[in-house]
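Report on the structure given below.
Residue numbers (the working numbering), protein chains in the order written: chain H, 14 to 68; chain V, 3 to 231.
Okay, structure coming up:
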């Protein structure tokens, strides 16, 4: 295991860079999750509409 | 059957992406040696460069699909091209942000206009941002598909220019890692870099397939809504 040798500020920059990437991926997952919920709602509405139409 | 295969592929890709990402982070922080020249901040390289290369791959894939749109008038290829470019813009934004943080840590500035590679990457990024403005200013249909495809193909020309800019540049502040003599790094650093690159490509493949599946379902639901109206 390589011990941390950089100055604290260097650590902060590295942490910030990696954090940006992971937060972006998490935000993307949240957006996809929201979109899936919207699609599920739309599908439910269309199923109801199709049922009403068929009596 | 096809849907099950696609779902299995997405699940497999997601597992691969998470596994490779965990391995890459482990190698970056516990295996790769600290760079003698740049110190600890050089570890940003292991995410920054693979993200940049992945954005090039996204734009390249988008251009390939755009070519299929023009050759075969395939609306599915148009959706694939659009999705790949969308992913490329996300990876491009990450390249600019991580690069900027690395620049601040290494050079003491967030951005420098004298570096050809940085400016060319920004131009490439803005070019593809404008793709969305063009795409959504035209009504859906073949004209939009063709216009978007031509634009995506124009953009791909900027990739080799951006990639080679470092070699054309007169100022060499930006580190040159891959030269004609091979990668200028130790074996352990190169292994870490390769794993990080594989992780980013797997992440792109996963996000691409998930986004594409979502867009296809959305389009089908829109069709269904019109049929039921």
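Heads up, the beta-carbon is just placed ideally off N, CA and C, and yes, glycines get one too.
These numbers come from a predicted model, not from an experiment.
Beta-carbon spacing of residue 90 of chain V, residue 60 of chain V below 7 Å = yes
Could you name the residues of the same chain whose beta carbon sits closer than 8 Å to that of residue 107 of chain V, not counting the 5 residues immediately before and after it, in chain order?
-> 43, 46
When Cβ atoms are compared, which residues of the region 101-126 of chain V fall closer than 8 Å to chain B?
-> No chain B is part of this structure, whose protein chains are labelled H and V.
Residue 215 of chain V to residue 31 of chain H, Cα distance in whole Å?
-> 28 Å
Simplified DSSP assignment, three categories, for residue 185 of chain V | strand
Expressed to the nearest angstrom, what Euclidean distance is found between the alpha-carbon atoms of residue 68 of chain H and residue 54 of chain H?
-> 21 Å
Please list the residues of the region 36-59 of chain V that have a C-beta atom closer than 8 Å to any C-beta atom in chain H, keeping them in chain order.
-> 36, 41, 42, 43, 45, 46, 49, 50, 53
For residue 96 of chain V, the nearest candidate out of H:50, H:23, H:22, H:36 (CA to CA) = H:36
Chain V beta carbons: is any one of them nearer than 7 Å to that of residue 47 of chain H?
-> no
4 or more residues per run - each alpha helix (DSSP H) lying fully within the region 116-149 of chain V | 118-137
Determine contact between the region 147-167 of chain V and the region 76-91 of chain V, defined as no fewer than three beta-carbon pairs at a distance below 8 Å.
-> yes
Enumerate, from N- to C-terminal direction, the unbroken beta strand (DSSP E) stretches of 3 or more residues contained entirely within the region 36-65 of chain V.
-> none
Quick one: residues in its chain with C-beta nearer than 6 Å to the C-beta of residue 68 of chain V, no 5 flanking neighbours on either side, listed in chain order?
-> 83, 151, 154, 155
Have a look at residue 19 of chain V and residue 139 of chain V and give me their C-alpha separation to the nearest angstrom.
-> 35 Å
On the three-state DSSP scale, how would you describe residue 159 of chain V?
-> coil
Contacts around residue 190 of chain V, its chain only, beta-carbon distance under 7 Å, and the 5 residues preceding and following it disregarded | 33, 34, 35
Contacts around residue 56 of chain V, its chain only, beta-carbon distance under 7 Å, and the 5 residues preceding and following it disregarded | 93, 202, 203, 206
Extent of the continuous alpha helix (DSSP H) run through residue 84 of chain V | 77-109
Pull out every residue of the region 24-43 of chain H whose Cβ sits closer than 8 Å to any Cβ of chain V, in chain order.
-> 24, 26, 27, 29, 30, 31, 33, 34, 37, 38, 41
Below-7 Å beta-carbon distance, residue 55 of chain H vs any chain V residue = yes
Same chain, Cβ closer than 8 Å to residue 122 of chain V, five either side skipped, listed in chain order = 160, 163, 164, 167
Does the distance from the C-beta atom of residue 30 of chain V to that of residue 29 of chain H stay below 7 Å?
-> no
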